[in-house]
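Have a look at the structure below, then the notes.
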Amino acid sequence: MSGTPPVRVVTLYDDVMNVYADRGNVIAVSQRAKEYGLALDVSPVSLGDRLPADADLVLIGGGQDREQRRIASELAGRGEQLRAWAEHDVAMLTVCGGFQLFGRWYRDHMGEEIPGIGLFDVTTVAPGAGWPRCIGDVVAKSHVTGLGEVVGFENHAGRTYLGPHAAPFATIEYGWGNNGGDGTEGAVYRQAIGTYLHGSLLPKNPTLLDHLLEAALRHRTGTDIGLERRPAPYAERAHASAAEVARHRAPRFDGIAR
Amino acid sequence: MRQRTALLAGRGAGEAARRLGRGGGTALPGLVAGTLAPGLVEALAGQLGHGAVTVTGTNGKTTTAHLLSTVARAAGLEPLANASGSNLERGLVTAYVDAAGWSGRVPRARQRLGVLEVDEAALPPLWPRIRPRAGVFLNLFRDQLDRYGEVDSVAEGWRRMVARGGPATLVLNVDDPSIAQLAEESPGAVVGFGVEDPAVAIEGSEHASDARFCRCGARLTYDGIYMGHVGRWRCEACGRVRPAPGVAARHVELGRDETCFDLSVGGEAVPMRLPLAGLYSVYNALAAAAAAHALGIPVAAIASALGAAGPAFGRQERFDVDGREVRVLLAKNPAGLNQIVRTLGASPTPPVVLAMLNDGIQDGQDVSWIYDADLERLAGRVGPVVCSGRRAPDLALRLALAGIEPAAVDADCERALDLALAHTERGARLEVVPTYTAMLEVREALARRAGGRPYWEREQR
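Protein sequences, first through last, are from chains A and B. Counting the first sequence from 1 gives a position; the numbering used here is that position plus 948. Counting the second sequence from 1 gives a position; the numbering used here is that position plus 11.
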């Protein structure tokens, strides 16, 4: 791939939205790009920083409630640009709290509404006391062509509901998913993916990792050159082991609201 | 009468569990007795002549409590401790129930001092029942988010507890802003401890940093980071600043197996050699020293007792297996693992490593946390690394991404131990880095191979 211009990766608030090890996604992207001989240009963008003029891949992870609140208003000011990027098929992976803030709004357990950027047509409600957090291993089947099974670990209080214009990222086999009720997991809009899966997600889902890299490369070069898929033996074994653990101890989704 | 029955039942259950060889029976008596007689702990706690000290925080509870017990014993007190990391309510009730005779009286109660390590989340509901005279707060890092929830909620629970009275004297790590700022809620006495040596600050910062923001909402500024978010912090927005510690370590020298520093307590300084490695051990020793100081133990006595202390269970314990020295370094969360990374990175020769990742309730079912530790810092600084534990494949992947190709991957503890020992030359060192339940398993295997005995036979007192 020499001669290809560097793929521009923007990591959003990775020093604030960083509690659930979503940094592993950045590490996986960097290492995989190296294996494919792709040059990367990674720009961390946090509170007070400017967004670069363009990007090919955007990553944002999950944070605690307080941290999510801290970035919400600034993120709102960047909504227009991020939505425009999504319209132009910039690849995005938004996880947990990041996914919630890329939705329309998040209503906390006190009923206060935090506006999101509305990139995904989803809304999230944090139920009050007495409702369990959605915590545990996940196995889901992705609706994105060619992705197949995804595995990860979810840990969220908020219940996310898809609006009429939203498509789910995956269907839950084991675990809670968006809300524990409708069997959906995450959301997809063009090349942007929202999900609740940590784990970290990209290291042990090499097919998804390659899919995002390809989408980013497509955005960068304007041509669908595609990657000659390389094996990922460590990732595949970790994927298999995580899936086995989930099937063994996570609740099988049975279509009944929990 | 009811308390007596509860004591009998509790002790009976513990005895039975130990005889059946089912673990140490370290929580069962508490569960039984606590259910039968609420109010029992309050009654037993009231008997101790020297009251109790609680030790809490994400990392270092067991070692700090162990060091404080050692110092207290050397000073002529008789510590009553909850052993083996059994630090939820049941474990504490068990410690008291086991100490009380069949009569319900704690023998030699006048000399006794409770030294209790308490889970971060368990402390707020427990303190009114124990009424500790001093509460040690070590640090607050992200840890097992699937079990504890978020770091913020733990800190909030502590603040409310301290505002309502809490432990009479607060022993606080001034280098951790979320701990140091507890002093603002406290009407009582505060003893601060911290490191005063910019030379041991790390270069750059660690990823797993959990209190980057001040209570006022602004981002904190650091004039040196010792670990995670622990260091010389200040807030340029509101003027809050790390308070000067009354108990401090100066001129710190970090060795492979020991640490030298000047222990200064209220202006008095004593050079000491701590037989434990790593800056995190210095913090644990400082916490124990600060608590002992709050109890009135003289600094010279503190330093000499700390200098002669052995390791706590599974924390830097060493075993001789076929002429190879095996050290166990428990790793439970990113901050703790970063400390181990730093310790291993300072080895004179790259050590052979057996890394073990389990995903039980006590380990954290979510293994994501290994991505928050800066394992990249180990690349090129370790010899062969063998991966084991229930989630060995996740660990192998993490290491490979960090640029460390595993020498072998085997989920089975005994086989992995064989492989790691085969990579270790006679006279050389094998470093075993396990999560909690993996530590229990590998430690038992090591003790057996080294001719040791199970822990509850060694630790019960």
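Even for Gly, the Cβ is constructed at its ideal location relative to N, Cα and C.
Checklist entry - Is there a Cβ from chain E that is less than 9 Å from the Cβ of TYR1137 of chain A? => result The structure shown contains no chain E; its protein chains are A and B.
Item to check | For LEU1007 of chain A and GLY228 of chain B, the rounded distance between their alpha carbons | outcome: Residue mapping note: residue 228 of chain B aligns to position 217 of the second sequence, counting from 1. Residue mapping note: residue 1007 of chain A aligns to position 59 of the first sequence, counting from 1. Taking the straight line from one Cα to the other gives about 25 Å.
Next on the checklist: I'd like to check one pair, LEU428 of chain B with VAL393 of chain B: are the Cβ atoms closer than 9 Å?
Outcome noted: The sequence position of residue 393 of chain B within the second sequence is 382, counting from 1. The sequence position of residue 428 of chain B within the second sequence is 417, counting from 1. No, they are not a contact pair.
Checklist entry - Taking the DSSP output, what are the residues bridged to ARG409 of chain B? => result To locate residue 409 of chain B, count along the second sequence from 1; it is residue 398. Partner(s): none; ARG409 of chain B has no beta bridge.
Item to check | Chain-order list of residues whose beta-carbon lies under 6 Å from that of SER991 of chain A (same chain, five-residue window excluded) | outcome: Here residue 991 of chain A refers to the residue found at position 43 of the first sequence. Closer than 6 Å at Cβ, skipping near neighbours: VAL958, PRO1000.
Next on the checklist: For GLY168 of chain B and VAL108 of chain B, I'd like the C-alpha separation in whole angstroms.
Outcome noted: Here residue 168 of chain B corresponds to residue number 157 of the second sequence, with the count starting at 1. Here residue 108 of chain B corresponds to residue number 97 of the second sequence, with the count starting at 1. The straight-line gap from Cα to Cα measures roughly 27 Å.
Checklist entry - Residues of chain A with a CB under 8 Å from the CB of ALA397 of chain B: which are they? => result One-based indexing of the second sequence puts residue 397 of chain B at position 386. Correcting the residue identity first, residue 397 of chain B is Val in this sequence and not Ala. Taking a Cβ-Cβ cut-off of 8 Å, VAL397 of chain B has no neighbours in chain A, whose nearest Cβ is about 15 Å from it.
Checklist entry - What are the start and end residues of each continuous alpha helix (DSSP H) run of 4 or more residues lying completely inside the region 416-462 of chain B, in chain order? => result Positions of the alpha helix (DSSP H) runs, each at least 4 residues long and wholly inside the region 416-462 of chain B, are given as 424-434, 447-461 in order along the chain.
Next on the checklist: Which same chain residues end up closer than 8 Å to LEU181 of chain B when comparing Cβ atoms and leaving out the 5 residues on each side of it in sequence?
Outcome noted: Your numbering for residue 181 of chain B matches position 170 in the second sequence. Excluding sequence neighbours, LEU181 of chain B sits near ALA145, GLY146, PHE148, VAL173, LEU193, ALA194, SER197, GLY199, ALA200, VAL201, VAL202.
Next on the checklist: For GLU269 of chain B, which residues in the same chain have their Cβ closer than 8 Å to its Cβ, ignoring the five residues on either side in sequence?
Outcome noted: Position 258 of the second sequence, counted from the first residue, corresponds to residue 269 of chain B. These residues qualify, in order along the chain: ARG284, LEU285, PRO286, LEU287, ALA288.
Checklist entry - With a cut-off of 9 Å, does the C-beta of ALA350 of chain B fall near any C-beta of chain A? => result As a first step, residue 350 of chain B is located in the second sequence; it is residue number 339 there, counting from the start. Before going further, note that residue 350 of chain B is Gln rather than Ala in the sequence given. No, GLN350 of chain B lies away from the interface with chain A (no Cβ there is under 9 Å from its Cβ).
Next on the checklist: I need the boundaries of the alpha helix (DSSP H) containing PHE1047 of chain A, first residue and last residue.
Outcome noted: On the first sequence, residue 1047 of chain A is found 99 positions in, with the first residue counted as 1. That run of the alpha helix (DSSP H) goes 1045-1049.
Checklist entry - DSSP puts ASN150 of chain B in a beta bridge; with which residues? => result To locate residue 150 of chain B, count along the second sequence from 1; it is residue 139. Answer is none; ASN150 of chain B lacks a bridge partner.
Checklist entry - On the three-state DSSP scale, how would you describe MET367 of chain B? => result As a working mapping, residue 367 of chain B is identified with position 356 in the second sequence. Strand, per DSSP.
Next on the checklist: Contact criterion: CB-CB distance below 9 Å. Does HIS218 of chain B meet it with respect to chain A?
Outcome noted: Within the second sequence, numbered from 1, the residue matching residue 218 of chain B stands at position 207. Interface residue, yes.
Next on the checklist: Once DSSP output is grouped into helix, strand and coil, what is the label at ALA1163 of chain A?
Outcome noted: To locate residue 1163 of chain A, count along the first sequence from 1; it is residue 215. Of the three classes helix, strand and coil, the one that applies to ALA1163 of chain A here is helix, per DSSP.
Next on the checklist: Measuring only the C-alpha atoms, how far is ASN184 of chain B from GLN1139 of chain A?
Outcome noted: Your numbering for residue 184 of chain B matches position 173 in the second sequence. Your numbering for residue 1139 of chain A matches position 191 in the first sequence. Going by the C-alpha atoms only, they are around 47 Å apart.
Item to check | Any C-beta of chain A under 9 Å from that of PRO445 of chain B | outcome: For this step, residue 445 of chain B is matched to residue 434 along the second sequence. No - not a single Cβ of chain A is within 9 Å of the one on PRO445 of chain B.
Checklist entry - Just how far apart, CA to CA, sit ASN5 of chain B and GLY307 of chain B? => result The requested residue 5 of chain B does not occur in the structure, where chain B is confined to residues 12 to 472.
Checklist entry - Would DSSP call GLN327 of chain B helix, strand or coil? => result Counting from one through the second sequence, the residue named residue 327 of chain B turns up at place 316. In this structure, GLN327 of chain B counts as strand in the three-state DSSP scheme.
Item to check | Interface flag, ASP163 of chain B vs chain A, CB-CB below 9 Å | outcome: As a working note, residue 163 of chain B is residue 152 in the second sequence. So yes, ASP163 of chain B belongs to the interface.
Checklist entry - Helix, strand or coil: how does DSSP classify ALA1188 of chain A here? => result Taking the first sequence and counting its residues from 1, the one referred to as residue 1188 of chain A is at position 240. In the structure shown, ALA1188 of chain A sits in a helix (DSSP, three-state: H, G or I).
Checklist entry - Using a C-beta to C-beta distance shorter than 8 Å, which residues of chain B count as neighbours of ASN1126 of chain A? => result Within the first sequence, the letter at position 178 stands for residue 1126 of chain A. Those within 8 Å of ASN1126 of chain A in chain B number zero; the least Cβ separation is about 18 Å.
Checklist entry - Whole alpha helix (DSSP H) runs in the region 178-259 of chain B with 4 or more residues, listed along the chain? => result 188-191
Next on the checklist: Does PRO1112 of chain A come out as helix, strand or coil in the three-state DSSP assignment?
Outcome noted: Sequence index remark: in the first sequence, residue 1112 of chain A carries index 164 (1-based). PRO1112 of chain A: coil per DSSP, three-state reduction.
Checklist entry - With distances taken from CA atoms, which of B:TYR447, B:ALA366, B:ALA449 is nearest LEU432 of chain B? => result Position 421 of the second sequence, counted from the first residue, corresponds to residue 432 of chain B. Looking at the Cα atoms, B:ALA366 is the closest of the given residues.
Checklist entry - Measuring CA to CA, which of B:ALA458, B:PRO178, B:GLY115 is closest to GLY325 of chain B? => result Within the second sequence, residue 325 of chain B is the residue found at index 314, counting from 1. The option with the nearest alpha carbon to GLY325 of chain B is B:ALA458.
Next on the checklist: Less than 9 Å between the C-beta atoms of THR446 of chain B and ASN369 of chain B, yes or no?
Outcome noted: If you number the second sequence from 1, residue 446 of chain B lands on position 435. If you number the second sequence from 1, residue 369 of chain B lands on position 358. Yes; because the gap between Cβ atoms is below 9 Å, this pair is in contact.
Checklist entry - Between which two residues does the beta strand (DSSP E) carrying ASN295 of chain B extend? => result Along the second sequence, read from residue 1 onward, the residue named residue 295 of chain B stands at position 284. Not the beta strand (DSSP E): ASN295 of chain B falls in the alpha helix (DSSP H), residues 290-305.
Item to check | As assigned by DSSP and simplified to three states, the class of ASN973 of chain A | outcome: As a first step, residue 973 of chain A must be located in the first sequence, where it is residue number 25. Of the three classes helix, strand and coil, the one that applies to ASN973 of chain A here is helix, per DSSP.
Checklist entry - Within 8 Å: the Cβ of TRP1053 of chain A and any heavy atom of the ligand MG? => result Annotation note on the ligand MG: not contained in the displayed structure, which lists no ligands.
Item to check | Below-9 Å beta-carbon distance, PHE1101 of chain A vs any chain B residue | outcome: Position 153 of the first sequence holds residue 1101 of chain A. Yes, because at least one Cβ of chain B sits closer than 9 Å to the Cβ of PHE1101 of chain A.
Next on the checklist: Along the chain, where does the alpha helix (DSSP H) containing SER164 of chain B start, and where does it finish?
Outcome noted: The residue labelled residue 164 of chain B in the question sits at position 153 within the second sequence. It spans 162-174 - the alpha helix (DSSP H) in which SER164 of chain B sits, taken as one unbroken run.
Checklist entry - Thinking C-beta only, is LEU1049 of chain A closer than 9 Å to GLN1016 of chain A? => result As a first step, residue 1016 of chain A must be located in the first sequence, where it is residue number 68. As a first step, residue 1049 of chain A must be located in the first sequence, where it is residue number 101. Going by C-beta atoms, GLN1016 of chain A is nearer than 9 Å to LEU1049 of chain A.
Checklist entry - Can you name, in chain order, every residue of its own chain whose Cβ lies under 8 Å from the Cβ of ILE1062 of chain A, other than the five neighbours on each side? => result On the first sequence, position 114 is the one that residue 1062 of chain A refers to. So the qualifying residues of the chain are GLN1016, ARG1017, ALA1020, LEU1049, TRP1053, TYR1054, ARG1055, ASP1056.
Checklist entry - To the nearest angstrom, how far is it from the Cα of THR75 of chain B to the Cα of LEU995 of chain A? => result Indexing the second sequence from 1 puts residue 75 of chain B at position 64. Indexing the first sequence from 1 puts residue 995 of chain A at position 47. THR75 of chain B and LEU995 of chain A: Cα-Cα distance of roughly 37 Å.
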